[in-house]
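Asker: Dumping the structure here so I can ask a few things about it.
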Amino acid sequence: MLHKKGVKNWVILLLGMLAISCSSSFEEVGSFEDDIIIPEEEVVLPLEELSLLDESYGENPQQVYDIYLPANRSSEKTRVILLVHGGGWVEGDKGSMTPFIELIKERHPEHA
Numbered sequence: 008m009l010h011k012k013g014v015k016n017w018v019i020l021l022l023g024m025l026a027i028s029c030s031s032s033f034e035e036v037g038s039f040e041d042d043i044i045i046p047e048e049e050v051v052l053p054l055e056e057l058s059l060l061d062e063s064y065g066e067n068p069q070q071v072y073d074i075y076l077p078a079n080r081s082s083e084k085t086r087v088i089l090l091v092h093g094g095g096w097v098e099g100d101k102g103s104m105t106p107f108i109e110l111i112k113e114r115h116p117e118h119a
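All you need for the working numbering is the position in the sequence shown, starting with 1, plus 7.
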């Protein structure tokens with residue numbers, strides 16, 4: 008059995024160790040959110056002119072279309088011109104319309 012003096016010493020020792028462990032330095036660690044950089048405004052890169060040729064729209068290999076998208080297009084400002092080549096519906100090829108495509112692109116640069 009411990010003497011009163013021994014118990015008192017143990018209590019003082021334990022309280023001292025508790026005080027030391029509670030008073031140790033504490034350094035706040037930053038969160039991952041501190042490393043995230045959020046731009047102040049959305050950056051939109053200008054779109055380049057794009058030509059999609061012979062895009063399939065049916066099972067027949069002859070069922071293809073071309074689409075010409077202008078540079079800097081957007082869903083708000085870009086208008087669409089639809090040019091249908093029927094070839095009398097029996098002969099011809101959409102390739103015969105190429106000169107008209109270049110003329111339309113020149114005269115209507117903001118149209119798809």
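Glycine included, every Cβ here is placed at the ideal spot set by N, Cα and C.
Just so it is clear, the structure is predicted and the values come from calculations on it, not from any experiment.
Alpha carbons only, please: which of Tyr75, His115, Leu90 and Leu59 is nearest the one belonging to methionine 104?
Answerer: Reading the sequence shown from its first residue, position 97 is the one you call residue 104. For methionine 104, the nearest C-alpha among the options comes from Leu90.
Asker: For proline 77, is the classification buried or exposed, using 16 other Cβ atoms within 10 angstroms of its Cβ as the cut-off for buried?
Answerer: Your numbering for residue 77 matches position 70 in the sequence shown. Classification for proline 77: buried.
Asker: Go to glutamate 109, then tell me how far its alpha helix (DSSP H) extends in each direction, as first and last residue.
Answerer: For this step, residue 109 is matched to residue 102 along the sequence shown. 105-114 is the extent of the alpha helix (DSSP H) around glutamate 109.
Asker: Output the distance between the C-alpha atoms of methionine 24 and lysine 12, rounded to the nearest integer angstrom.
Answerer: One-based indexing of the sequence shown puts residue 24 at position 17. One-based indexing of the sequence shown puts residue 12 at position 5. Their backbone Cα atoms lie some 18 Å apart in a straight line.
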